[in-house]
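**Q** Protein chains in written order, with numbering that gives the first Met the number 0: chain G, 0 to 225; chain L, 0 to 225. Every residue gets a Cβ at the ideal spot worked out from N, C-alpha and C, and that includes glycine. Source: prediction; values computed, not measured.
Number of protein chains: 2
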Amino acid sequence: MKRRDFLAAGTLAMATAMVSPQLFAATKDKPLQVLALVFDDYETLDLHGPVEMIGHMKNVQIKLVGAKSIIRSYQGPKVVTDISTDSVTPCDLFIVPGGLGTRKLVEDEELMTWLRKQVSVSEKVFSICTGSALLARAGILDGINATTNKMAYQWVTGLARQVNWQPRARWVDDGKFLTSSGVSAGTDAALFYVSQLRGEVEARRIERLTEYHWNHDAKNDPYAVS
Amino acid sequence: MKRRDFLAAGTLAMATAMVSPQLFAATKDKPLQVLALVFDDYETLDLHGPVEMIGHMKNVQIKLVGAKSIIRSYQGPKVVTDISTDSVTPCDLFIVPGGLGTRKLVEDEELMTWLRKQVSVSEKVFSICTGSALLARAGILDGINATTNKMAYQWVTGLARQVNWQPRARWVDDGKFLTSSGVSAGTDAALFYVSQLRGEVEARRIERLTEYHWNHDAKNDPYAVS
């Protein structure tokens with residue numbers, strides 16, 4: 000099977016077949032290090048859906064990184080950052096949520112530079128919703144199969160034509176880069192990541208624990224852009 | 000139709016028929032005041048799922064209330080409280096999430112006293128997951144139709160036998176009290192609240208905006224206790 004077909008298929012069966020021995024090994028020695036970017040007017044569920052699912056794996060540390068100590072979500076509640084964007088932090092997973100705040104941030108050259116450096120020390124990068132706009136604008140997704148929020152599809156895809164944007168995908172996994180569709184798609188993609196990293200049994204355990212209904216098929220995208 | 004049958008039915012059609020003129024009026028004059036309790040080891044999605052959905056309505060203010068200024072979720076990331084539990088705050092909606100932290104908190108008599116007072120100045124009270132354990136233990140749900148996390152059903156229901164616990168319900172709406180099943184059920188119940196308050200069109204707008212798949216039938220409970 001060609002690599003492109005493999006990526007396009009994106010079924011759970013394939014996901015579990017793709018468990019990475021390197022990433023899996025990280026769980027034996029030290030906690031899985033997860034870093035999530037936050038900025039004012041980030042979208043609440045973009046961040047906290049994945050945090051919920053990934054945070055239920057054993058031996059995981061999730062930290063927030065941002066330009067200041069307190070960050071306000073679009074919906075109002077505020078989070079505290081653990082790490083500053085003054086430096087970069089090697090991690091197993093780097094999460095980039097979206098939200099209204101990305102509209103301004105795509106013009107922030109300092110952030111673009113930091114993003115490129117942070118991605119270079121991250122084992123895997125996971126964007127949710129318009130988080131992909133930040134990565135795309137920084138040139139990080141050039142030549143990569145990726146998706147984004149379908150409600151903001153024209154805006155995001157217009158920022159970087161060199162990305163192989165996928166109009167029909169709940170999420171797209173292309174090696175180092177996992178990009179999800181809008182808001183709640185991030186929660187489904189997070190369980191895909193769990194299954195990829197630690198197997199489907201673990202993903203199903205967390206689905207049950209959170210009384211969730213996991214849309215586990217990347218091709219099942221009810222909001223696809225036709 | 001008898002009141003009990005009406006409550007047991009819990010369909011969307013009924014939900015929209017139940018739009019409260021009082022609550023609806025609140026949107027015309029001042030922002031809808033939403034207050035959410037947070038405590039260490041609260042469950043991330045219990046809080047942030049509802050915050051996501053409710054926070055997309057127009058003219059809403061969501062504030063966090065807690066015993067200290069910084070609160071750590073079970074999954075790690077920290078939030079900042081806006082208001083202290085030293086006093087009570089009149090509000091339109093009071094949200095009580097669950098999580099591992101409730102296991103200790105059910106023994107906290109000071110919190111129980113505060114909860115009773117806070118509920119008395121709240122127009123509507125919405126618990127998610129084991130958040131209902133706190134309300135039940137405080138005697139607030141006595142005689143009320145309610146539900147809770149199905150993974151912790153024996154523990155929660157054992158705390159207060161005077162509650163009319165419902166073993167099969169994604170959520171239960173009983174007048175002032177809306178109680179949801181575990182974790183992700185809170186997100187579905189939050190959209191029910193939106194539909195009750197501002198109509199189904201608004202709930203469907205937010206569902207689409209967040210690329211969500213709303214389980215809009217309270218009777219559709221895949222994790223029911225048989």
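1. Output yes if chain L places a C-beta closer than 9 Å to the C-beta of glycine 75 of chain G; else output no.
2. Going along the chain, which unbroken runs of the alpha helix (DSSP H) with 4 or more residues stay wholly within the stretch 129-158 of chain L?
3. Taking Cβ-Cβ distances below 9 Å as the criterion, which residues of the stretch 49-64 of chain G are in contact with chain L?
4. Please name the residues in the stretch 196-220 of chain G whose beta-carbon is closer than 8 Å to at least one beta-carbon of chain L, in chain order.
5. Bridge partners for isoleucine 53 of chain L per DSSP, in chain order?
6. Roughly how many whole angstroms lie between the Cα atoms of leucine 114 of chain G and glycine 157 of chain L?
7. According to DSSP, what are the bridge partners of valine 171 of chain G?
8. Scan the stretch 79-90 of chain G for residues whose Cβ lies nearer than 7 Å to a Cβ of chain L and list them as they occur along the chain.
9. Contact between the stretch 168-180 of chain L and the stretch 28-44 of chain L is defined here as three or more beta-carbon pairs at a separation below 8 Å; is this criterion met?
10. Please classify leucine 34 of chain L: is it buried, with 16 or more other beta-carbons within 10 angstroms of its beta-carbon, or exposed?
11. Can you name, in chain order, every residue of its own chain whose Cβ lies under 6 Å from the Cβ of glycine 185 of chain L, other than the five neighbours on each side?
12. Of all the options G:Lys57, G:Glu108, G:Ile94, G:Ser121, which has the alpha carbon lying nearest to the alpha carbon of arginine 204 of chain G?
13. Please report the Cβ distance between leucine 63 of chain G and proline 76 of chain L, rounded to the nearest whole angstrom; I am assuming they are in contact, meaning their Cβ atoms lie under 8 Å.
14. Where does glycine 65 of chain G sit, in a helix, a strand or coil, going by DSSP?
15. Grouping DSSP H, G and I as helix and E and B as strand, with all else coil, what is arginine 160 of chain L?
16. I want to see whether chain L comes within less than 9 Å of isoleucine 69 of chain G, judged by CB atoms only; does it?
17. Considering just the uninterrupted stretch of the beta strand (DSSP E) at lysine 103 of chain G, what are its terminal residues?
18. Considering only residues of the same chain and omitting the five flanking positions on each side of glutamine 161 of chain L, which have a CB-CB separation below 7 Å?
19. Indicate the three-state DSSP secondary structure (helix, strand or coil) for alanine 35 of chain L in the structure shown.
20. DSSP three-state call for isoleucine 257 of chain L: helix, strand or coil?
21. May I have the straight-line CA-CA distance separating tryptophan 154 of chain G from threonine 209 of chain G, to the nearest angstrom?
22. Please identify, using Cβ separations under 7 Å, the residues of the stretch 180-197 of chain G that lie next to chain L, in order along the chain.
23. Cα separation between alanine 24 of chain G and lysine 67 of chain L?
24. Within its chain, find whatever has a CB closer than 6 Å to the CB of tyrosine 152 of chain G; leave out the 5 residues flanking it on each side and keep chain order.
25. If I'm right that valine 120 of chain L touches valine 87 of chain L with Cβ under 8 Å, what's the distance once you round it to whole angstroms?
26. With a Cβ-Cβ cutoff of 9 Å, do valine 59 of chain L and proline 89 of chain L count as a contact?
27. From the DSSP output, read off the bridge partner residues of glycine 94 of chain G.
28. Measure the alpha-carbon distance for glutamate 206 of chain G versus serine 194 of chain G and round it to whole angstroms.
29. Within 10 angstroms of the Cβ of lysine 103 of chain G, are there 16 or more other Cβ atoms? Answer buried if so, exposed if not.
30. Determine the chain G residues that contact leucine 44 of chain L at a beta-carbon separation under 9 Å, and present them in chain order.
31. Apart from the five residues just before and just after glutamate 201 of chain L, which ones in its own chain have a Cβ nearer than 8 Å to its Cβ?
32. Identify the contact partners of lysine 149 of chain L in chain G, using a Cβ-Cβ distance below 8 Å as the criterion.
33. Would you kindly work out how many angstroms separate the C-alpha atoms of leucine 134 of chain G and glutamate 106 of chain L, rounded to a whole number?
34. At a CB-CB cut-off below 7 Å, which residues of chain L make contact with tyrosine 222 of chain G?
**A** The short version:
1. yes
2. 130-136, 152-158
3. Val50, Glu51, Met52, Ile53, Gly54, His55, Val59, Gln60, Ile61, Lys62, Leu63
4. Arg207, Leu208, Thr209, Glu210, Tyr211, His212, Asn214
5. The partner list for isoleucine 53 of chain L (beta bridge, DSSP) is empty, contrary to what the question assumes.
6. 50 Å
7. G:Thr178
8. Val79
9. Contact fails: fewer than three Cβ-Cβ distances are below 8 Å.
10. buried
11. Cβ neighbours of glycine 185 of chain L within its own chain (closer than 6 Å, five residues either side excluded): Asp45, Gly48, Pro49, Ile127, Ser179.
12. It is G:Lys57.
13. 5 Å
14. Glycine 65 of chain G: strand per DSSP, three-state reduction.
15. coil
16. So, interface residue.
17. Careful: lysine 103 of chain G lies outside any beta strand (DSSP E), inside the alpha helix (DSSP H) at 101-104.
18. Asp141, Gly142
19. strand
20. Residue 257 of chain L lies beyond the residue range present for chain L, which begins at 0 and ends at 225; the question has no answer from this structure.
21. 34 Å
22. Ser180, Gly181, Val182, Ser183, Ala184
23. Annotation note: pLDDT 45 at alanine 24 of chain G (below 50); position unreliable, no value reported.
24. Val224
25. 5 Å
26. no
27. Reading off the sequence, residue 94 of chain G comes out as isoleucine, not glycine. The partner list for isoleucine 94 of chain G (beta bridge, DSSP) reads G:Ala35, G:Phe125.
28. 11 Å
29. exposed
30. Leu44, His47, Gly48, Val50, Glu51, Met52, Thr186, Thr209, Tyr211
31. Met56, Val193, Ser194
32. Glu210
33. 47 Å
34. Those within 7 Å of tyrosine 222 of chain G in chain L are Glu210.
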